[in-house]
Amino acid sequence: MDPRGPRLVQRRRSEREQLLRSITIAVVSTIVVFGTLAWLITNSPGWEAVQRSFLDRAIFERTLPDVIGAFRVNVQLFLIAEVLILAFGLLLAVLRSLPGPALFPFRFIATIYVDVFRAIPGLLIIYALGFGAPGLAIVGLPVEPFFWAIVTLTLVYSAYVSEVFRAGIESVHPSQEAAARSLGLSHVQALRHVVVPQAVRRVVPPLLNDFIGLQKDTVLVSFIGVVEIFRTAQIRQAATFNFTPYIAVALVFLVLTLPLARFTDWLIARERRRQAAGGAR
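The numbers in the sequence shown follow our numbering, run straight up by one, and end at 288.
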C-alpha cells in the first residue's frame, strides 16, 4: 500500500473544503453587497420618480422591437468599418515599420496620421467630416450620412488598430526577419510572409477589445443623422417624454457585448498559458 495514499486523500479533502469555503464566502459577500445597494436605491427619496422615468415596463415593451430593428444599422456600420479598419490599420503599421531614409516620408505621414487621429476626439471628427465634407458640394462626393459614418469610424479606429498591429510586429523577434532575409527574401517579403502573419496571430485579443469599443461607438454617428439604435431611442424618448428607450438600448448592447468580452478574456488567458508552456519547454 502506498504510504502517500492517506496523505493524498487528506490533502484533496482539504482542497475541496477550502474551495467550498471560498465559494460560500464569495456568494455571501456578493449577496450582502448587492442587497445593500438594492436597498439603498429602492429606499431613496427619488426612487419612484426614477423608476417612472427609466423603468416604465409598458414603454419598454413597445420600444424594444423598434430598438432591436434599428440595431441592424449598427451591425452594418460595424461590419463594413471593421473590414476597412483592419486593412487600413495594417497598412499604417507596415508603413511605420519600413526602414531606410528613402522611405522616411511614408513613415512620417503614417506617424502624423496616427498621432492626429488619436489626439482628436472621435465625435469632433464625426462632426467635421459628417457635416463639413458634404457641405463642400463637390460633384461626385457622396452626401449620405451612412457613407460618412463609415469613413469617420474607419479613420478614427484605424489609428488605434495600427498601433496594435505595430506592437505585434515589433514583438516578433528580429531573428525571424534575419532568417527570412538569409533565404533571399527582401524586407517587404519578410514582412509579408514571416513577420506580419505571426504579428496578426498575437494581436487578435487586443483587436477584439478595440472592436468592442467600435461596436459601442457606432452610436456616435447618430449625431450626423444616421437613424440607428441610439437615434431611434432618442425619437421614442421625445415621443413618450420617458427615458426607458435608452435602457432598452443599454440592454441590447449588454447582450451583444458581454459574450464578446468574455471570449476576449478567454483568448488572452489561452495565449498566456501557451506562452507559459512554451517558456517552460
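All C-beta atoms, glycine included, are put in the ideal place defined by N, C-alpha and C.
All values reported here derive from a predicted model rather than from experimental measurement.
Helix or strand or just coil, what does DSSP make of phenylalanine 250? Phenylalanine 250: coil per DSSP, three-state reduction.
If you draw a straight line from the C-alpha of aspartate 217 to the C-alpha of leucine 162, how long is it? So the alpha carbons of these two residues sit roughly 14 Å apart.
For isoleucine 116 and glycine 139, the rounded distance between their alpha carbons: Rounded to the nearest angstrom, the two C-alpha atoms are 23 Å apart.
Tell me where the alpha helix (DSSP H) around phenylalanine 124 begins and ends. Segment 111-126, the alpha helix (DSSP H) holding phenylalanine 124.
For arginine 208, does the three-state DSSP call read helix, strand or coil? For arginine 208, the secondary structure class from DSSP, reduced to helix, strand or coil, is helix.
Within this structure, are the beta carbons of isoleucine 48 and isoleucine 157 separated by less than 8 Å? Isoleucine 48 is not a Cβ neighbour of isoleucine 157, given a cutoff of 8 Å.
Helix, strand or coil: which one does DSSP assign to glutamate 235? Judged by DSSP in its simplified three-state form, glutamate 235 adopts coil rather than helix or strand.
Could you give the C-beta distance for valine 80 and glutamate 235, rounded to a whole number, given that I count them as a contact under 8 Å? About 4 Å; that satisfies the 8 Å criterion.
If we require 4 or more residues per run, which alpha helix (DSSP H) segments fall completely within the region 127-158? Segments of the alpha helix (DSSP H) lying fully in the region 127-158: 129-142.
Please determine if the region 178-185 and the region 200-209 are in contact, where contact requires at least 3 C-beta pairs separated by less than 8 Å. Yes: at least three Cβ pairs fall under 8 Å.
Alpha helix (DSSP H) containing asparagine 81: first to last residue? Run containing asparagine 81: 64-104, per the alpha helix (DSSP H) assignment.
What's the call for proline 108, buried or exposed, on a 16-neighbour Cβ count within 10 Å? It counts as exposed.
With distances taken between CB atoms, is the gap from phenylalanine 154 to glycine 96 smaller than 8 Å? No, Cβ-Cβ distance for phenylalanine 154 and glycine 96 is not below 8 Å.
For leucine 15, does the three-state DSSP call read helix, strand or coil? In the three-state DSSP reduction, leucine 15 falls in the helix class (H, G or I).
Using the beta-carbon count (16 or more within 10 Å), is glutamate 170 buried or exposed? Buried, because 16 or more other Cβ atoms sit within 10 Å of the Cβ of glutamate 170.
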